[in-house]
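Chemist:
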Amino acid sequence: MLVSELNQRSRAIFRQIVDAYLETGEPIGSRTLSKRMGTSLSQPMASGLAAGLNLSPATIRNTMADLEEAGLLYSPHTSAGRLPTEMGLRLFVDGLLNIGDLPEDERRCLAEQFAGSGNSVEGLLDKATTVLSGLSHCAGLVMAPKSEGPLKHIEIVNLSPGRALVVLVHESGMVENRIIEVPADVRPSALVEASNFLSTRLMGRSLADARAEILAELRSHEAYLDELVSNVVESGLAIWSGNEDGGALIIRGQANLLDEIQGIEELEHVRSLFSVLETKEMMLNVLSLVDNAEGVQIFIGSGNQLFNVAGCSMIVSPYRGNRSKIIGAIGVIGPTRMNYARIIPMVDYTAKLVGKMIG
Numbered sequence: 021m022l023v024s025e026l027n028q029r030s031r032a033i034f035r036q037i038v039d040a041y042l043e044t045g046e047p048i049g050s051r052t053l054s055k056r057m058g059t060s061l062s063q064p065m066a067s068g069l070a071a072g073l074n075l076s077p078a079t080i081r082n083t084m085a086d087l088e089e090a091g092l093l094y095s096p097h098t099s100a101g102r103l104p105t106e107m108g109l110r111l112f113v114d115g116l117l118n119i120g121d122l123p124e125d126e127r128r129c130l131a132e133q134f135a136g137s138g139n140s141v142e143g144l145l146d147k148a149t150t151v152l153s154g155l156s157h158c159a160g161l162v163m164a165p166k167s168e169g170p171l172k173h174i175e176i177v178n179l180s181p182g183r184a185l186v187v188l189v190h191e192s193g194m195v196e197n198r199i200i201e202v203p204a205d206v207r208p209s210a211l212v213e214a215s216n217f218l219s220t221r222l223m224g225r226s227l228a229d230a231r232a233e234i235l236a237e238l239r240s241h242e243a244y245l246d247e248l249v250s251n252v253v254e255s256g257l258a259i260w261s262g263n264e265d266g267g268a269l270i271i272r273g274q275a276n277l278l279d280e281i282q283g284i285e286e287l288e289h290v291r292s293l294f295s296v297l298e299t300k301e302m303m304l305n306v307l308s309l310v311d312n313a314e315g316v317q318i319f320i321g322s323g324n325q326l327f328n329v330a331g332c333s334m335i336v337s338p339y340r341g342n343r344s345k346i347i348g349a350i351g352v353i354g355p356t357r358m359n360y361a362r363i364i365p366m367v368d369y370t371a372k373l374v375g376k377m378i379g
């Protein structure tokens with residue numbers, strides 16, 4: 021259905037029902053709606069509705085019944101008021117929502133919080149998801165870019181028995197950190213030898229360019245490394261390649277979703293969402309979105325392309341690096357009654373800010 025198919029009265033009533041739902045999460049009845057509209061429509065609205073559209077509860081009930089029949093509203097209980105369906109929310113976001121620019125104070129707040137992120141890709145993206153989560157009261161999500169740029173320096177440092185930190189410095193100045201599993205008894209000299217071996221072959225080249233060549237050299241025994249060093253090298257290559265899918269999915273602020281829960285049904289929705297976010301399929305779906313999207317994308321409820329979970333929505337935007345190439349995506353996941361008008365420009369601005377800092 022298109023917004024143009026709704027007459028002025030239906031549009032006004034539908035807008036008020038959605039606004040009430042986004043504010044409270046509760047159904048609204050015809051009598052309450054009549055009083056609300058008598059106040060809010062005393063002035064012209066941005067959507068072009070006439071002033072003074074005062075409607076009786078009986079008239080509103082009839083219109084609500086028509087909207088319910090059209091699939092835009094539903095009643096959670098027999099005697100309750102109405103709530104928008106996921107299709108209704110989609111119609112509202114696409115055709116009735118007024119979206120402005122992000123206020124200057126919030127732009128300044130975002131820029132200031134990113135200023136201390138340094139030149140680490142992970143640090144910047146982690147900060148971006150944390151900040152978005154805090155400002156939106158939703159979970160923040162970011163798809164980190166693939167490591168495709170030429171490298172300047174590589175170092176492998178022991179962290180604890182069985183774990184080592186790999187530091188990759190790109191020629192652009194950006195720094196990536198990856199934790200890899202290593203034998204618990206690995207000696208420090210083996211990590212130094214592995215670092216030197218990789219630095220010699222990767223300096224000035226991207227990982228994608230050199231990975232196959234390095235693995236072939238290891239397997240043909242042309243590289244005179246002992247088994248321990250070879251294992252460290254192969255473990256590093258596997259982690260940096262993103263397990264062949266590229267990139268990484270970072271999610272922060274899941275607790276914010278729990279704070280917004282108002283009932284058992286919403287709790288089940290969020291639990292289902294947490295399960296989806298932990299799967300590899302979710303990362304691949306976001307990767308697909310990154311490769312094809314232009315601008316902010318909005319996915320609402322169980323009918324969206326990314327996750328089949330009722331009661332939850334995602335707002336996500338790709339961000340671009342050098343030469344305007346899409347290299348990742350950033351956004352938020354929250355309840356369907358999130359503040360779309362505020363969060364959509366927030367995600368859009370954050371994506372542009374991140375792209376500028378990484379590019």
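Every position in the sequence shown, counted from 1, becomes a number in our numbering once 20 is added. We put the beta carbon where it would ideally sit given N, CA and C, even for glycine.
For A100, which option in G49, K345 and I363 has the closest C-alpha, if you only look at C-alpha atoms?
Modeler: Here the closest residue by C-alpha is G49.
Chemist: Please state if the CB of I378 and the CB of V352 are separated by a distance shorter than 7 Å.
Modeler: No, Cβ-Cβ distance for V352 and I378 is not below 7 Å.
Chemist: How close, in whole Å, do the beta carbons of T149 and I271 come, if the pair is a contact with beta carbons under 8 Å?
Modeler: At roughly 7 Å, the Cβ-Cβ gap stays under 8 Å, so T149 and I271 are in contact.
Chemist: Based on Cα-Cα distance, which residue from D125, G45 and D146 lies nearest to P96?
Modeler: For P96, the nearest C-alpha among the options comes from G45.
Chemist: Could you give the DSSP three-state label for H190: helix, strand or coil?
Modeler: Strand.
Chemist: When you compare only the Cα positions, how much space is there between P47 and I320?
Modeler: So the alpha carbons of these two residues sit roughly 19 Å apart.
Chemist: Give the range of the beta strand (DSSP E) segment to which N178 is assigned.
Modeler: It spans L171 to S180 - the beta strand (DSSP E) in which N178 sits, taken as one unbroken run.
Chemist: Taking contact to mean 3 or more Cβ pairs, one atom from each stretch, closer than 8 Å, check whether the region 121-129 and the region 230-238 are in contact.
Modeler: No: the two stretches stay apart, fewer than three of their Cβ pairs being nearer than 8 Å.
Chemist: Mapping DSSP to helix, strand and coil, what is S62?
Modeler: Confidence in S62 is poor, its pLDDT being 41 and thus under 50, which makes the residue's placement unreliable; the coordinate value appears in the next sentence. In the structure shown, S62 sits in coil (DSSP, three-state: anything other than H, G, I, E or B).
Chemist: Below 8 Å, how does it come out for the region 154-162 and the region 211-219: are there three or more Cβ pairs, yes or no?
Modeler: In short, these stretches do not touch, since the Cβ pair count stays below three.
Chemist: Nearest CA to the CA of N82: which residue from R29, G108, Q133 and I119?
Modeler: Closest option to N82, Cα to Cα, is R29.
Chemist: What is the DSSP secondary structure of M377, counted as helix, strand or coil?
Modeler: Three-state result, M377: helix.
Chemist: By a C-beta neighbour count over all protein chains shown, 10 Å radius and 16 as the cutoff for buried, is S24 buried or exposed?
Modeler: Under this definition S24 is an exposed residue.
Chemist: Round the Cβ separation of T356 and S333 to the nearest angstrom and send it over; I've been treating them as touching at under 8 Å.
Modeler: Indeed they touch by this definition, with Cβ atoms about 5 Å apart.
Chemist: Could you give the DSSP three-state label for M358: helix, strand or coil?
Modeler: In this structure, M358 counts as coil in the three-state DSSP scheme.
Chemist: Note down, in chain order, each residue of its chain lying with its Cβ closer than 7 Å to the Cβ of L257, except the 5 sequence neighbours on either side.
Modeler: Here the set comprises R231, I234 and L235.
Chemist: From E314 to L155, what does the alpha carbon distance come to, in whole angstroms?
Modeler: The alpha-carbon atoms of E314 and L155 are separated by roughly 24 Å.
Chemist: Does the Cβ-Cβ distance between I347 and G341 come in under 7 Å?
Modeler: Going by C-beta atoms, I347 is nearer than 7 Å to G341.
Chemist: Should H390 and L211 be called a contact, given that it needs their Cβ atoms to be closer than 7 Å?
Modeler: The structure shown does not extend to residue 390, since the chain is modelled only from 21 to 379, so the question has no answer here.
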